[in-house]
Amino acid sequence: MSSDDEYPSGPRLTPDYFRHPSSARVWDYWLGGKDNYAVDRKVGDTVAGEFPGIRDLARQSRQFLVRGVRYLVAEAGIRQFLDIGTGLPTVQNTHEIAQALAPESKIVYVDNDPVVLAHARALLRNTTDEGVTAYVDADVNDPELIISDARNVLNFGEPIAVILQGILGHATPELARMYDIVNRVMAPVPPDSYLLLSDGIDGEQSLKVNKKQHELGHHYHLRTPEQIARCFGGLELVEPGVVSISMWRPDPADIGTPVPVESHGGVARKPPAGRK
Numbered sequence: 006m007s008s009d010d011e012y013p014s015g016p017r018l019t020p021d022y023f024r025h026p027s028s029a030r031v032w033d034y035w036l037g038g039k040d041n042y043a044v045d046r047k048v049g050d051t052v053a054g055e056f057p058g059i060r061d062l063a064r065q066s067r068q069f070l071v072r073g074v075r076y077l078v079a080e081a082g083i084r085q086f087l088d089i090g091t092g093l094p095t096v097q098n099t100h101e102i103a104q105a106l107a108p109e110s111k112i113v114y115v116d117n118d119p120v121v122l123a124h125a126r127a128l129l130r131n132t133t134d135e136g137v138t139a140y141v142d143a144d145v146n147d148p149e150l151i152i153s154d155a156r157n158v159l160n161f162g163e164p165i166a167v168i169l170q171g172i173l174g175h176a177t178p179e180l181a182r183m184y185d186i187v188n189r190v191m192a193p194v195p196p197d198s199y200l201l202l203s204d205g206i207d208g209e210q211s212l213k214v215n216k217k218q219h220e221l222g223h224h225y226h227l228r229t230p231e232q233i234a235r236c237f238g239g240l241e242l243v244e245p246g247v248v249s250i251s252m253w254r255p256d257p258a259d260i261g262t263p264v265p266v267e268s269h270g271g272v273a274r275k276p277p278a279g280r281k
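The opening residue of the sequence shown carries number 6 in the numbering used here; numbering runs sequentially from there.
Here it is in structure tokens:
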């Protein structure tokens, strides 16, 4: 895809598909990518016009993923990842980060956007001979299908890191359903598995533009910091807990003082059965 809006073809890539904004393509636009269309740029520009910090938030989200995956591999010893709602490939994807530290790492990406899947198959390839990179075509609202397909690659007898980054706000407006999705994904993974999760909060700037996003067909449901923290119920949070993603273990190599952004997240461990 390119900025001239020449649409690719495929069984699910009908003209109607490109008439509606895609969360993955809007996010790609904010990150400075080229895999987006006029309908996505309209949403992206509208939001950025009211919320200039959205592009920095997108970059901070990627950096949170980088720091989180590095922690999971280097400190927690995780070698298996289930990345749900991965979005369009960009720099420093989960498998690149993990396999650079542990070449044997296995990563399963999950998305249901046909453009994301097409790019994933073309671009998200193993960086090592020992590792495995695979893709599942499924919706976050169908955890059982995700787990069933992921079992073809991942060993559910060994710890797995589940990644839900910026996806639950798109999945459902209902809080109970959001918590149910997290619980159904985490239930099959064994003790000592981890959850890396982040989502947008109802900050001043986010609330300001959220209504316009919905009017443009880009549906995203903001949560309070407390509601995001509840996603980690029953898990053991890694310090510093659930915080603004830019404040989660900021890299000392970063230039300048970290500034909070309107997205909160954290990393947490699934304890052994019977321990709360």
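Heads up, the beta-carbon is just placed ideally off N, CA and C, and yes, glycines get one too.
To the nearest angstrom, how far is the alpha carbon of residue i from that of residue j?
i, j, result
"Thr-133", "Glu-109", "8 Å"
"Gly-270", "Ile-89", "15 Å"
"Glu-209", "Gly-162", "43 Å"
"Gln-68", "Arg-46", "23 Å"
"Tyr-199", "Val-137", "19 Å"
"Ile-59", "Ala-29", "14 Å"
"Val-78", "Ala-53", "34 Å"
"Asn-98", "Arg-72", "12 Å"
"Glu-135", "Ala-155", "18 Å"
"Trp-253", "Arg-274", "16 Å"
"Asp-33", "Asn-117", "16 Å"
"Asn-157", "Ala-105", "23 Å"
"Asp-144", "Pro-119", "11 Å"
"Glu-244", "Leu-212", "28 Å"
"Pro-265", "Leu-242", "19 Å"
"Arg-24", "Ser-153", "32 Å"
Please state the DSSP three-state secondary structure of residue i.
i, result
"Asn-76", "Reading the sequence as shown, one finds Tyr at residue 76 and not Asn. Here Tyr-76 sits in helix by DSSP."
"Ala-176", "helix"
"Gly-136", "coil"
"Arg-24", "helix"
"Ile-284", "The structure shown does not extend to residue 284, since the chain spans only 6 to 281, so no value can be given for it."
"Ser-66", "helix"
If you measure between the beta carbons of residue i and residue j, is that distance less than 8 Å?
i, j, result
"Tyr-76", "Val-247", "no"
"Ala-166", "Ile-83", "yes"
"Leu-122", "Ile-168", "no"
"Ile-206", "Thr-229", "yes"
"Gly-174", "Tyr-114", "no"
"Leu-93", "Gly-38", "yes"
"Pro-148", "Ile-102", "no"
"Leu-62", "Ser-203", "no"
Measuring alpha carbon to alpha carbon, tell me which of the options ends up nearest residue i.
i, options, result
"Glu-232", "Pro-178, Gln-104, Ile-151 and Phe-56", "Before going further, note that residue 232 is Gln rather than Glu in the sequence given. For the residues Pro-178, Gln-104, Ile-151 and Phe-56, the minimum Cα distance to Gln-232 belongs to Pro-178."
"Pro-26", "Ala-43, Tyr-114, Gly-73 and Asp-116", "Ala-43"
"Tyr-184", "Cys-236, Pro-265 and Arg-228", "Cys-236"
"Pro-164", "Tyr-34, Ser-153, Ser-268 and Pro-276", "Pro-276"
"Asn-215", "Gly-38, Leu-36 and Val-48", "Val-48"
"Lys-111", "Pro-119, Val-141 and Gln-85", "Gln-85"
"Thr-193", "Gly-222, Asp-118, Ser-211 and Ile-151", "It should be noted that the sequence gives Pro, not Thr, for residue 193. Among Gly-222, Asp-118, Ser-211 and Ile-151, the Cα nearest to that of Pro-193 belongs to Ile-151."
"Ala-278", "Pro-195, Leu-227, Val-266 and Val-264", "Pro-195"
*At which residue ranges does the segment 176-227 contain complete beta strand (DSSP E) runs of 3 or more residues, listed in the order of the chain?*
For the beta strand (DSSP E) assignment, the uninterrupted runs of no fewer than 3 residues enclosed by the segment 176-227 are, from N- to C-terminal side, 199-205.
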